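Enquirer: Sequence lines, in order, name chains C and S. At position 220 of the first sequence the residue is numbered 220 (the working numbering), and the sequence of numbers has no breaks. At position 642 of the second sequence the residue is numbered 1236 (the working numbering), and the sequence of numbers has no breaks. The structure's right below; bear with me while I get my questions together.
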Amino acid sequence: MADYKASLTDMQYLFREMLPWETLRELPGYQELDAELADAVLEEGARFCEEVLAPINRSGDEEGCRLEDGRVHTPGGFPEAYQRYVEGGWPALNCDPEHGGQGLPRTLSFLLEEMVCGANLSFGIYQLLTQGAYHAINIHGSEVLKSTYLEALASGRWAGTMCLTEPQSGTDLGLLRSRAIPMEEGGYRLAGSKIFISAGDHDLTENIIHLVLARTPDAPAGVRGISLFVVPARQLNEDGSLGKDNGVCCSALEHKMGIRASSTCVLNFEDARAELLGELHGGLRGMFTMMNLARLSVGVQGIGIAGAAYHAAVAYARERLQGRDLRGARFPEQAADPLMVHPDIRRMLLTMRAWAEGARALALRVATALDISLEHPDPECRRDNHEFVSLMTPIVKSLGTDIGFDVANLAVQTYGGHGYIRENGVEQYVRDARITQIYEGANGIQALDLVGRKLPERTGRNLRHFFHPLQADLESWQQQPELHHLIEPLGKAFGRLQRATAQLALKGLQDPVQAAAPASEYLRLFGLVAIGQSWAQMAASCLQPESRPNPAFCQAKLDTAHFYMRHILSQSSGLFASIMAGADVLEAFDEDAF
Amino acid sequence: MAIRKVGVIGAGVMGAGIAAQISNARIPVVLLDRAGENGGPNLAKQAIGKLLKSKPAAFMSRRNARLITPGVLEQELELLADADWIIEAVSEDLALKHAIYQKIATIRKRGAMVSSNTSTIPLRALVKGLPRSFQRNFLITHFFNPPRYMRLLEVVSSEKTSIRGLEEVLHFADHVLGKGVVRCKDTPGFIANRIGGFWLQCALLEALELGLTVEEADAVCGRPMGFPKTGVFGLMDLIGLDLMPHILGSLCSLLPQEDALHAISDIPPLLSGLIERGYTGRKGKGGFYRLNVSAKGRHKEVLDLQGGEYRRPEKPRLESLAAAKSGLRALLEHPDRGGQYASRVLLRTLVYTASLASEIADDIATIDQAMRLGYNWRYGPFELLDRLGANWLIERLESEGIAIPPALKKSAEVGGFYKKKGAGHQYLDANGQYQKSTRASGIYTLSDAKLGAKPVAVNAGAKLWDIGDGVLCLEFCSKMNSLDPDILGMLVQTVADLPRSHQALVIHNEGPNFSVGANLGLLLFASNIAAWSEVEGLVKAGQDTYSALKYAPFPVVGAPAGMALGGGCELLLHCDAIQAHSETYMGLVETGVGLVPAWGGCKELLGRMSRDPRRPRGPMPPVQGAFEPIAEARVSTSAAEAREGGFLRPHDRISMNPERLLADAKALALSLVPKYKPPELFVFQLPGPSGRAALELAINSFHRRRLATEHDVRVASKLAWVLSGGEQEGPCTEAQLLALERSAFVELARHPDTTARVEYMLENGKPLRN
């Protein structure tokens, strides 16, 4: 069975070498944070994930959640692990000190999330939803709501959920039907049925705070009539102690392909007491605050699985002896050479590594921009970084999760037949990763968000924060001959991305279908170039490896960067050709012929 | 006898404005009013002073003021002795008017026409008791305020009016003053104010009754219905709130008791209260809107119709407004208060109009034209009726128990007030027969050319039309007529294809603006993705296209109206000749967005300055002459000013009447066809770095005085570099100058301050000073 190993060295390197520390020093959360503290937090986190969360990953998958007498029970070991998680103070890492949080930057908490989800995605989902509820109430909530809920959510004493989906209303939220009726004494009574509610019920916490989208009786039709409500599973007494059940009932658990230790519930709300969160009919905005953060987090989940799957595949390729090196036995004293010597195995391992490390570096860049967009004293700097994050969110979500799935799949392939056997654990990565491409906005929706909203917004202003720095990077790298073999292909791919972007913007203005049809390929092209930039940045920071404290690490970075530019970024020309071919062939096909 | 001199009596707002418009046509005019008090300048002289300061400007060129001779009515009446047309524009006091007519009768030259600018008094009342010979030369000519900008002229004549004299006035008003002349029957308020007054009053009362806010009412009863975007309250502020009761009062005193206006003619206390307190609209302390100037800056405020207090405006949120996007009917059918409002105001106004059509005008087309030109309605009332559909409307009116006007019934039976037939329009007359629309001779617009025709060529940005006699007309069809690769492509194709089948090209369109310039959105998007080579490619494509146009083997005439800015102005500068509407606003405004003209604009303006015989000799004066207007992004406020600024050359011409612009341009193009030879390549003599240094001295002094920002300095220096010929002194070819333009443009485009300016302009429609 594959042991989980956190990508600690890479994370520590990124944190030390790749962050714009000059800017970050101006942020409140970073002022106390130095590389030593970050190292310590990451090391402690890695130990917790490896020792506490990873061991219950496969057992949780086998056992799954149970619904008994209307209550959901998580698999064995989960309540105890959660207890230790809370005791370690992990939930509060990036929460506001005012609510008992540690106020550490998201850049750091994203890395921890990656480890948690790599070790045990099901476990990570409970925590993700609690974080989402915390931030939504913190940003949109009244003082009363904040003082009622935030401390308990920050500490992890209570958990949270996001209740959007209904049987008839998935991606199209305009169709939702749950009702919230105002009461004379204040507040609302909420009724309706929600499906696919992650962490909808469980035995990890004493209370669960549901954030629910519903309509008030006089609300306009469509998405403009949706409001967001806070509905605790158990009512709160005047003194803050827990009261009776609030009419929220889990009527069924979904049986799923993966993340089987995460409880996915059908929730019925009957006459549940609810408080309005944010503005009446402004529910979508409140929900999007959560969604945007959650989308980045889901991208990070994918990267977490990619990291875990990569380490598992490397370990297996080292120890599994099978066949001989094509140029002659490398270890004649053994019965066979290790898998590692085979070119196709090396191709898979390098592909996995280049994707996982590249995506991690990109996600970290976006996380850092998120911190700056929230905390920087200069409003212009906040706005620019917010625009960058908004542009990159669909890319990190979509590409990060595609990478998670692809890398998990390659890990199974590396294992061969043994990868297909459940007790070896790698097939679980494939099944677990699969959901990340679907939830929080399916990846096709992310692509539409990119081409339909992020790209044309303010005549392409969001793009400026990606294209201009990359153009400047390219110009400065051109002065470094030792980077030339990396920069030439990156420059070409950048040119393709520029032309594809112009084409999509022009055609999309005239006909949205022309932009929508190649949207997924465009997102991937964008992501390829963005990860290429991250690889070039890492390579630039690892030049002259022999003079550095960790020469082997730096050499490996340079070599992986080279692999990425030669063998992965080259996909950009195929994507480019397909994008430029437009929507015509796709549209011309007769629907009856399908 | 052509009209060569005009007299205007009464130097109030209308009289003075009329005199100014006559001077704009370069016709001498005498303006008479009372003597000044306490030995001060006479009222006419004072009025000219006010005209020079008025906004929007009354004069197309300040020089025109000299064409107005001010005088004192009591003492200098003989100034009118040689006038061919005398316009009385004194206050609406019949006795006063009669006294003036008596005086005029004594001195006017034989056959000179006399008209009154009355807005309400019927002709028969005006001429009562006057000698037959005077009546023969008398008519009503009702101008709208401000006379330079409002094209409507309502004309009332009687059977006694001399046909020849009438035609002379009509011809002069049409060709020389550029008016849209509408013949009215002799009824109170004539056409536009009769309907417009009813409409405004109805809109005011219904807004109060339905409890709409001012913003809501203006958002509904404005653009969605094809009314001016100010909306009704904004329009009342513009007209003057005090004029509302005045117009209504005088109309009601003259209209028969059964007229529907009486039922709504009470002035609401809110309005009279405002007027009493001096809130008479924009000319007073404010009206339904006001500008609050405080220490915190200037901000717009709006009157709360319930409380009567001013407050910050709020963006109206009505579902009916969203519904209006799918059509006028959808707005009228919407149940919310916006829909109800739209429905009540429009239906009542249209029913009123339909019921009195034959009483006030010879035909419905006249009424529609009056409302379009006099109240800036996008569609006249009968066009609106056709848009709504007579059957739909009748059903609607019946359900509300409103009597159906017979004209509407008739139109439902035959299928509309208008129909297209072949290359012409027909309208429904009072007897229920369709009649061919007729207009003054020589009017030929692009719409006329398009009727029943197919474009010779078409793409997403432009269309090419055959306008007869071997002339093609290229029309822009892009948003705001901004110039984009599609338009350039059409130009290139036209240059290549035209000689095979045609002999000349006119570039013209009927949009409110000829062109606001190159499509900045494309530039901004390309800048945002750092696509600098594409930016340079776009600049080069424009230069190549305009050069091809200039050196094409056939004459090209640009026929602009409204704004012709940036790339739109550069296109005109490359034409063989320009036939401009008098209201043409030309300028090379690129520096406003941190750029320099680079589609040959620097080159062409420099060429005009170099060839101008009035400029001193030597390489520097032309450079100086081109530098100033470009660096300041100066825009002419009229075609006359464009001529003074050197953008129009002596052989370029001006049309006062926009409906005659295309025909004039076509005639000009045809006049160039015989023996046409493309211009020869020009070689400039430029001062080089020493010339640039001289300009930079001036730029830096502006900077020191804080009149120019750092980026202004950067842009102006780049402009100086281009215009002075770069690093080289002496001869400079057109191609070399174009290369300088290109290089300066791309360098500036890459600067983030330029990107910020471009973005700000696109988003706010005004320049950013950074």
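The beta-carbon is built from N, C-alpha and C at its ideal position, and this holds for glycine as well. Note that this is a predicted model, so its numbers are computed, not measured.
Determine the closest residue to C265/C out of L173/C, H202/C, D10/C, E80/C, with distance taken between C-alpha atoms.
Expert: H202/C
Enquirer: Less than 9 Å separating the beta-carbons of W355/C and A317/C?
Expert: no
Enquirer: Show which residues of chain B have a CB atom less than 9 Å away from the CB atom of F388/C.
Expert: Structure shown: chain B not included; protein chains present are C and S.
Enquirer: Please state if the CB of F576/C and the CB of A595/C are separated by a distance shorter than 9 Å.
Expert: In the structure as shown, chain C begins at 1 and stops at 594. Residue 595/C is therefore absent and cannot be evaluated.
Enquirer: Look up R71/C in the DSSP assignment and give the residues it is bridged to.
Expert: E68/C
Enquirer: In chain order, what are the residue ranges of uninterrupted alpha helix (DSSP H) at least 4 long that sit wholly in the segment 781 to 852 of chain S?
Expert: 786 to 804, 808 to 814, 825 to 833, 837 to 848
Enquirer: What residues are listed by DSSP as bridge partners for L1289/S?
Expert: According to DSSP, L1289/S bridges with nothing at all.
Enquirer: Using a Cβ-Cβ cutoff of less than 6 Å, which residues in the same chain neighbour W793/S once the five nearest sequence positions on both sides are dropped?
Expert: T943
Enquirer: Tell me which residues share the same chain as D603/C and place their Cβ nearer than 6 Å to its Cβ, disregarding the 5 neighbours each side in the sequence.
Expert: Absent from the structure is residue 603/C, since the part of chain C shown begins at 1 and ends at 594.
Enquirer: In chain order, what residues of the same chain lie with their CB nearer than 7 Å to the CB of G222/C, ignoring the 5 residues before and after it?
Expert: Taken in chain order, the residues that qualify are G174.
Enquirer: Should L1118/S be flagged as near chain C, meaning a C-beta pair shorter than 9 Å?
Expert: yes
Enquirer: Between the segment 1176 to 1193 of chain S and the segment 1152 to 1164 of chain S, can you find at least three pairs of beta-carbon atoms closer than 8 Å?
Expert: The segment 1152 to 1164 of chain S, when compared against the segment 1176 to 1193 of chain S, does touch it at the 8 Å Cβ threshold.
Enquirer: Measure the beta-carbon distance from F1108/S to A1155/S and round it to whole angstroms, keeping in mind my assumption that it falls under 8 Å.
Expert: 6 Å
Enquirer: Alpha carbon to alpha carbon, how far is S1337/S from L1280/S?
Expert: 18 Å
Enquirer: Is the Cβ of I1081/S closer than 9 Å to any Cβ of chain C?
Expert: No, its Cβ sits nowhere closer than 9 Å to a Cβ of chain C.
Enquirer: Measure the C-alpha to C-alpha separation of I694/S and V826/S and round it to an integer number of angstroms.
Expert: 36 Å
Enquirer: Residues in the same chain with beta-carbon distance under 7 Å from G1285/S, minus the five sequence neighbours each way, listed in chain order, please.
Expert: P1213, M1214, V1217, S1318
Enquirer: Give the residues from the segment 1152 to 1184 of chain S that approach chain C closer than 7 Å (Cβ to any Cβ), ordered along the chain.
Expert: none
Enquirer: Verify the CB distance criterion: does G225/C have a CB-CB separation below 9 Å to chain S?
Expert: no
Enquirer: Let me know if L153/C comes out buried or exposed under the rule of 16 or more other beta-carbons within 10 Å of its beta-carbon.
Expert: buried
Enquirer: Terminal residues of the continuous beta strand (DSSP E) containing E1274/S?
Expert: It is not in any beta strand (DSSP E) - E1274/S carries neither H nor E in the DSSP assignment.
Enquirer: Looking at C-alpha atoms only, which residue of A951/S, L967/S, E1104/S is the closest neighbour of H1175/S?
Expert: E1104/S
Enquirer: Starting from I209/C, trace the beta strand (DSSP E) in both directions and tell me its first and last residue.
Expert: 207 to 215
Enquirer: Less than 9 Å separating the beta-carbons of A1098/S and K1260/S?
Expert: yes
Enquirer: Measuring alpha carbon to alpha carbon, tell me which residue in S227/C, W158/C, C250/C is nearest L242/C.
Expert: W158/C
Enquirer: Could you compute how far the alpha carbon of R179/C sits from the alpha carbon of L1040/S?
Expert: 57 Å
Enquirer: Quick one: what's got a C-beta closer than 7 Å to W971/S's C-beta in the same chain, skipping five residues either side?
Expert: G820, F821, M965
Enquirer: For C249/C, list the residues DSSP reports as bridge partners.
Expert: N268/C
Enquirer: Quick one: what's got a C-beta closer than 7 Å to E357/C's C-beta in the same chain, skipping five residues either side?
Expert: D10, T560
Enquirer: Using DSSP bridges, identify the partner residues of T9/C.
Expert: DSSP lists no partner for T9/C.
Enquirer: For the segment 1117 to 1146 of chain S, list every residue whose C-beta sits within 8 Å of some C-beta in chain C, in sequence order.
Expert: L1118, F1119, A1120, S1121, N1122, I1123, A1124, A1125, E1128
Enquirer: Less than 7 Å between C-beta atoms, sequence neighbours within five positions excluded: which residues of the same chain meet that for I445/C?
Expert: The beta carbon of I445/C lies closer than 7 Å to those of T171 in the same chain, with the five residues before and after it left out.
Enquirer: Do the CB positions of L37/C and L8/C come within less than 9 Å of each other?
Expert: no
Enquirer: Can you pull the chain C residues whose beta carbon is under 8 Å from the beta carbon of E1353/S, in chain order?
Expert: R458, T459, R461
Enquirer: On the three-pair Cβ rule with 8 Å, is the segment 530 to 543 of chain C touching the segment 332 to 340 of chain C?
Expert: no
Enquirer: Assign V591/S to buried or exposed, taking buried as 16 or more other Cβ atoms, counted over all protein chains shown, within 10 Å of its Cβ.
Expert: Since the first residue shown for chain S is 595 and the last is 1364, residue 591/S is missing from the structure and cannot be characterised.
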